[in-house]
Amino acid sequence: GGSTAGLVQHSMEYLHAKIMASTDTEYVVRLTYAELYNEELKDLLSPHQSTEGLKITDDPNFGPVIQGITEVPFTTAAQIKDLLTEAEKNRHFGVTNMNAHSSRSHVMVRLSIEIRKIGTKPLNPLRASWGPKDKPNCVATLNLVDLAGSERANKSGTSGQALKEGAFINKSLLTLGTVIASLTEGKSTMHIPYRDSKLTRLLSSALGGNAKTCMITCISPASGNVSESISTLKFASRAKRIVNEVQKNEILNMKTLSQKLSVAY
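Residues in the sequence shown are numbered consecutively from -5, following the numbering used here.
Next comes the structure, spelled out in structure tokens:
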């Protein structure tokens, strides 16, 4: 915790506290920390890894995932802070006329959570890994996404590399807007362009898929930014109309499958 801790750290520490209070369940939680910079994926927990090794694939349990990215389990609150601090050091930031500490990329923090009901109080609810005979019976993910803000070059005063970065940021945000617009049109036959950007491909489960989604938008109180603030509010208003379909991600063994079938029939 602390006065400088942001939403990601507070969310992870809250999750850790809830897990540690568990009376009948064990968990394994793994963290990945990815940056989308100029439409290229970067592993912020292993920054020297080649970006060519990171590919987006579809996992039957977790939806779109980044194959080849570093996955780190954690068991203590101190580990959470250390991992986040290390990852943020490797992120791209810059200076513009609008922001002295401007994000030049989008960031996606993913927690893969595996859950095993044991029926008795565990010695330690949060484990680093499963034993050879232990298997989870439910899986979930928590995705925390920090989007870089859209930019107008004439206001931000960017040029050269910073101008190129801004163009990639705006392009991916435009695709996100298009996806949200398509989802709220209400036409079942409409093509949703998730694959037009790596950002929307990774967010596809959160947009009309198997997820509960919360979007937080930021606006400026300055009168000079009123047009940007209005655009942001319109974007958020449209996103509110997306309907997701949430399902429990159970891993069924033969015993639990047999029980479910007997109840159903």
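Virtual Cβ for every residue (Gly too), placed ideally from N, Cα, C.
Distance, residue j Cα to residue i Cα
{"i": "residue 99", "j": "residue 56", "result": "23 Å"}
{"i": "residue 111", "j": "residue 18", "result": "6 Å"}
{"i": "residue 173", "j": "residue 183", "result": "14 Å"}
{"i": "residue 41", "j": "residue 25", "result": "15 Å"}
{"i": "residue 64", "j": "residue 107", "result": "15 Å"}
{"i": "residue 210", "j": "residue 179", "result": "22 Å"}
{"i": "residue 227", "j": "residue 72", "result": "37 Å"}
{"i": "residue 22", "j": "residue 155", "result": "41 Å"}
{"i": "residue 62", "j": "residue 86", "result": "21 Å"}
Beta-carbon gap between residue i and residue j smaller than 9 Å
{"i": "residue 2", "j": "residue 66", "result": "no"}
{"i": "residue 237", "j": "residue 205", "result": "no"}
{"i": "residue 159", "j": "residue 8", "result": "no"}
{"i": "residue 109", "j": "residue 10", "result": "no"}
{"i": "residue 80", "j": "residue 39", "result": "yes"}
{"i": "residue 170", "j": "residue 191", "result": "yes"}
{"i": "residue 35", "j": "residue 13", "result": "no"}
{"i": "residue 20", "j": "residue 128", "result": "yes"}
{"i": "residue 231", "j": "residue 222", "result": "no"}
Member of the options whose CA lies at the smallest distance from the CA of residue i
{"i": "residue 195", "options": "43, 52 and 7", "result": "52"}
{"i": "residue 60", "options": "28, 136, 20 and 76", "result": "28"}
{"i": "residue 198", "options": "139, 212 and 76", "result": "139"}
{"i": "residue 212", "options": "224, 33, 128 and 243", "result": "224"}
{"i": "residue 122", "options": "186, 217, 68 and 105", "result": "68"}
{"i": "residue 82", "options": "208, 167 and -1", "result": "-1"}
{"i": "residue 120", "options": "134, 233, 142 and 16", "result": "16"}
Beta carbon proximity, residue i to chain D, threshold 9 Å
{"i": "residue 9", "result": "Among the protein chains of the structure shown there is no chain D, as only one such chain exists."}
Cβ distance (whole Å) where residue i is taken to contact residue j below 8 Å
{"i": "residue 131", "j": "residue 244", "result": "6 Å"}
Next item on the list: Mind listing, in chain order, the continuous alpha helix (DSSP H) runs of no fewer than 4 residues lying wholly within the segment 49 to 132?
Entry: Secondary structure within the segment 49 to 132: the alpha helix (DSSP H) runs of 4 or more consecutive residues, fully enclosed, are 71 to 83 (chain order).
Next item on the list: Taking only runs that begin and end inside the segment 138 to 221, name each unbroken alpha helix (DSSP H) of 4 or more residues, in chain order.
Entry: Whole alpha helix (DSSP H) segments, 4+ residues: 147 to 150, 154 to 177 and 192 to 196.
Note to self: Report the start-end ranges of each alpha helix (DSSP H) in the segment 11 to 41 that is 4 residues or longer and not cut off at the edges.
What the structure shows: Runs of the alpha helix (DSSP H) inside the segment 11 to 41: none found.
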